[in-house]
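From first to last, the protein sequence lines are chains V and E.
Take the first sequence: its position 111, counting from 1, is numbered 331 in this note's numbering, and each next residue is one higher.
Take the second sequence: its position 172, counting from 1, is numbered 212 in this note's numbering, and each next residue is one higher.
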Amino acid sequence: MNLTLKVWRQKNTEDKGKLVTYPASDISPDMSFLEMLDVVNEGLIKKNEDPIHFDHDCREGICGMCSLHINGRPHGPKQGITTCQLHMRSFKDGETIVIEPWRAAAFPVIKDLATNREAFERIQQAGGFISVNTGGVPDANEIPIPKVIADEAFNSATCIQCGACVAACKNASAMLFVSAKVSQLALLPQGQPERYRRVQAMVAQMDAEGFGNCTNTGACEAECPKEISISNIARMNRDYLNAKLFKDEY
Amino acid sequence: MKLDSKIPEGPLAEKWPKHKFNLKLVNPANKRKYTVIVVGTGLAGASAAASLAELGYNVKSFCFQDSPRRAHSIAAQGGINAAKNYQNDGDSVYRLFYDTIKGGDYRAREANVYRLADVSVNIIDQCVAQGVPFAREYGGLLDNRSFGGAQVSRTFYARGQTGQQLLLGAYSALSRQIGLGTVKQYNRHEMMDIVTIDGEAKGIITRDLISGKIESHAGHAVLLCTGGYGNVFYLSTNAMGCNVTAAWKAHKRGAYFGNPCFTQIHPTCIPVSGDHQSKLTLMSESLRNDGRVWAPKTVELAQKLRKGEIKVTDLKESDRDYFLERKYPAFGNLVPRDVASRNAKEMVDEGRGVGASGVAVFLDFADAISRLGEDAVRAKYGNLFDMYYQITDEDPYKQPMRIYPAVHYTMGGLWVDYNLQTTVKGLYCLGEANFSDHGANRLGASALMQGLADGYFVIPYTVGDYLATIGPKPVDASHPAFAETKRQVEERIQKLLSLKGTRTVDDFHRDLGHIMWEYCGMARTEEGLIKAKGLIRELRENFWKDAIVPGGNNEMNQSLEKAARVADFLELGELMVDDALNRKESCGGHFRVESQTEEGEALRDDVNFSYVAAWEYRGDNMPEELHKEELVFENVKLTQRSYK
Ligand SMILES: Cc1cc2nc3c(=O)[nH]c(=O)nc-3n(C[C@H](O)[C@H](O)[C@H](O)COP(=O)(O)OP(=O)(O)OC[C@H]3O[C@@H](n4cnc5c(N)ncnc54)[C@H](O)[C@@H]3O)c2cc1C
Ligand code: FES
């Protein structure tokens, strides 16, 4: 296949950046999207030009590193997969593909298609954990957990922290990401002691990072490669309200 | 230098408790006067950094990804072993120890492996307390599955993403410490070298991957938790960024490299689809519980299939050779990873491979589907079937999967003693990056166990002993050794950036991968290895003449990152070949064609090779010196593996 790429090139955070057009020729439909970019980059390097920078590592949809906005959609046209799981057979010969980085004030561009997602790190550090030290914990089977609860917590825990939810949202809200972590730990018995403190701390940090508000458009859920449900957001809102109302009790 | 493994005296089960008691402790008030550098945030690094910070040490933690949670451990699928015996099926610490020693083909230390099995039970407790959502039964208790090389169900799992859930547990503990200010986290930082002063590790030099700034970091001890080096083969199931640089730099500063040729090749991966291929995807070992492996009976049939003259569904039962079932009636499709891999290669070498390239065999679920029904198969393997379909555009419910072996794990790594200290004082190595515990072959679900055992339960004790010995004297980066090492790093970067030849770094990496795969892969011969050595040297020389590395240092420069890593792989490759040449026996994942039984199975040579090969670096392009650590087996009887 032969394609035309319009790729966002930006030297560094300060640079203004622009779309640059590149041909992608002799592309096999069996290639992954990132392998297609590898081929284009090999061509650029041979001309001693700077290749297109993008984040990636595992290339199997689990590390959350890859983060491309393809034809206006985070992780491209297909549902329930990451960019690295997308294959070229999902495109048509002769097509023009526009590739941009995640767009959000809280995710500044580092270079080309790579963005800085450290805001997510700080939210996790504010409360995305259960405070146990190594050693001195009870036997694992002393905490029975009903399978339905465990499964529900698991669904929330599948988040790969890629940031597609933020990129998909017109307000650049991080509610889906934050609520997935809050839900996982709020559902489990181990998470109860810090349940209300956690939700307040994580939401406060989320606000401090400059993520937008949630207006319930559902775009985050639609674009999440792990198909995490927005019911997590409802659960988080409930916990947050409770935490505010009964502040003195927690 | 004579190798001292520091294995404690006494009966196997008492070694670790006694040793822990004998180790020196650091006074709680003094702990904050020490800084420990932890490179790597996978299971080994994140668990170590969090645990040490909880104890009160200052920790500096580094990874090259943009978040500690993205370390390669995240990709592990199948599960983690622990001798909990929750299933009441006869498991015990001793049985896990025994299975691991035997699975490793008797090339690991008894004492280390016993300790690993012993602390395995604490790992599960720790993870559950952190909120790791392991699979559960309807009664609310934890579920287990069975894995290769074991007759008990001791594998804990979290759907097909055990690695992600375990790492998120360790990452949450680490994040908590970062929030508390006890750990300073450096993301997008690559360790470029180790700094030693009077033979002891006192810090590292890093490159900030965003700004290119070269920085010095001083500490009282350095822990390398930097993962495996399977990417020396270019194509592997490892993440793209996995590399040997940290371990290799340590090696060049005096840390011996243990058993570098011990590589694990996993039998069930999705085959290569073309030259553009950048990595390989694993299909879980659990598939062999229900899938049957076969190849066409004759070369003619295979040729017709490859040309598309016939379809796989046209092949009659009598045209199919279920070669594992035929050759190993007792174990059938469930033979260990190395045996299954070698047999698939044999089929392909005979010309009976399938797929357009001819480099694959079939893994067929037709029987399982007719026996159990499509729904039952979907419930068990649905996500793997989807993944296969996504990548190949072929529906495994309708036609057999095509699979082929791929490089998956490296048992070799930096040599460490019982305390996980390398031959450089103050320099420790944890997780896949070290050589210990798995011998010549790793059992499924044991790498996750080892990483967490090292980080949560071993290093907090052993590094304390060293720190107590050296005392809390301040360390800082003003010592001239830092400036000198930094200068060397900068010089190397400039040398790489000055390369303006005609071939890309990936091109060299691909070539290296071909050489390694061909001559130092599933079957190794003396002749082939000698040839490989020459080819690698030639390739390395060409790299330093003809590679192209665009861009500069003071910016994000992924070409430079790659070039620095590949340059180290080009050196490591030769050492792997030397090690494979030296080890004239077949054992575990290392199959020397010259050393096989009459039936063509691997033949171990315990009289001459029951040792760990620890290699000492002596200078660029100089032969490395071999040191042998004899392995003493006081508890298990060495037997030749048989799966017939
Ligand atoms: C596809 C796949 C599936 C697997 N499934 C299983 C399984 O089911 N069960 C099992 O037990 N094992 C499994 N394994 C093996 C297991 O996942 C790994 O062996 C293990 O996770 C390694 O952990 P680690 O902490 O040692 O290193 P890693 O997780 O690889 O972490 C390495 C860390 O070091 C950092 N690093 C490396 N070099 C540098 C440098 N120069 N500077 C700074 N930072 C650096 C990286 O950023 C990263 O944080 C699997 C492996 C693969 C490839
Ligand atoms: S590269 Fe890891 S999720 Fe895409």
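Even for Gly, the Cβ is constructed at its ideal location relative to N, Cα and C.
The straight-line gap separating the alpha-carbon atoms of V:Ser-403 and V:Met-456 is approximately 7 Å.
Around the beta-carbon of V:Gly-430, fewer than 16 other beta-carbon atoms lie within 10 Å, marking it exposed.
If you check each beta-carbon in the stretch 509-538 of chain E against every beta-carbon of chain V, none falls closer than 9 Å.
Distance from E:Trp-455 to E:Tyr-296 at the Cβ level is roughly 4 Å; contact confirmed, criterion being Cβ atoms closer than 8 Å. Assignment of V:Glu-320 by DSSP, reduced to helix, strand and coil, places it in the strand class. When Cβ-Cβ separations below 8 Å define contact, E:Ser-107 makes contact with chain V.
In the three-state reduction of the DSSP assignment, E:Ile-310 falls in the coil class, being assigned neither a helical nor a strand state. Counting along the chain, no beta strand (DSSP E) covers E:Leu-412; the unbroken alpha helix (DSSP H) around it starts and ends at 406-412. Remark: the C-beta of E:Tyr-126 is outside contact range of ligand 1, defined as less than 7 Å to any heavy atom.
Between the alpha carbons of E:Arg-110 and E:Ala-198 lies a gap of roughly 18 Å. Residues Val-545, Val-589, Pro-590 and Gly-591 of the same chain have their beta carbon placed closer than 7 Å to that of E:Ser-599, with the five preceding and five following residues left out of the count. Taking 7 Å as the cut-off, the C-beta of V:Phe-327 does not count as close to any heavy atom of ligand 1. Close CB contacts of V:Arg-323 within its chain, under the 8 Å cut and outside five residues either way in sequence, are with His-289, Ala-387 and Ala-392 (chain order). At a cut-off of 8 Å, the C-beta of V:Asp-275 has a neighbouring C-beta in chain E.
The Cβ neighbour count for V:Arg-417, taken over all protein chains shown within 10 Å, is under 16; the residue is labelled exposed. The three-state secondary structure of E:His-316, taken from DSSP, is coil. Annotation: the continuous beta strand (DSSP E) that includes E:Asp-248 extends over 240-248.
Judged by their CB atoms, V:Glu-338 and E:Asn-125 are not nearer to each other than the 8 Å cut-off.
The CB of E:Met-280 comes closer than 7 Å to the CB of His-276, Asp-277 and Arg-279 in chain V, given here in chain order. C-alpha of E:Thr-565 to C-alpha of E:Glu-670: approximately 24 Å in a straight line.
About 5 Å separates the CB atoms of V:Asp-250 and E:Ser-313; that is less than 8 Å, so the two are in contact.
In this structure, V:Leu-408 and V:Ala-373 form a Cβ contact; the two beta carbons are roughly 5 Å apart against a cut-off of 8 Å.
For E:Tyr-368, no alpha helix (DSSP H) run applies, since DSSP gives it neither H nor E. Distance between V:Lys-226 and E:Arg-392, taken at the CA atoms: about 44 Å. For E:His-260, the closest alpha carbon among the candidates E:Val-515, E:Ile-47 and E:His-291 is that of E:Val-515. For E:Asn-184, the CB contacts under 7 Å within the same chain, skipping 5 residues up- and downstream, are Tyr-126, Gln-127, Ser-193, Arg-194, Thr-195 and Phe-196 in chain order.
A direct Cα-to-Cα measurement between E:Gln-304 and E:Leu-483 gives close to 10 Å. Contact of E:Gly-314 with chain V is assigned, a C-beta pair being separated by under 8 Å.
Between the alpha carbons of E:Asp-435 and V:Gln-345 lies a gap of roughly 43 Å. Comparing alpha carbon positions, the residue from V:Phe-327, V:Ser-287, V:His-307 and V:Lys-236 closest to E:Tyr-428 is V:His-307. For the set E:Ser-215, E:Glu-177 and E:Tyr-134, the Cα lying nearest the Cα of V:Phe-349 is the one of E:Ser-215.
The three-state secondary structure of E:Arg-658, taken from DSSP, is coil. From the beta-carbon of E:Asp-433, the residues of chain V found nearer than 7 Å are Arg-309. DSSP, reduced to helix, strand and coil, places E:Lys-420 within a helical segment of the structure shown. Remark: C-beta atoms of E:Cys-265 and E:Leu-537 do not approach each other more closely than 8 Å. Within 7 Å of the C-beta of E:Ala-406 there is not a single heavy atom belonging to ligand 1.
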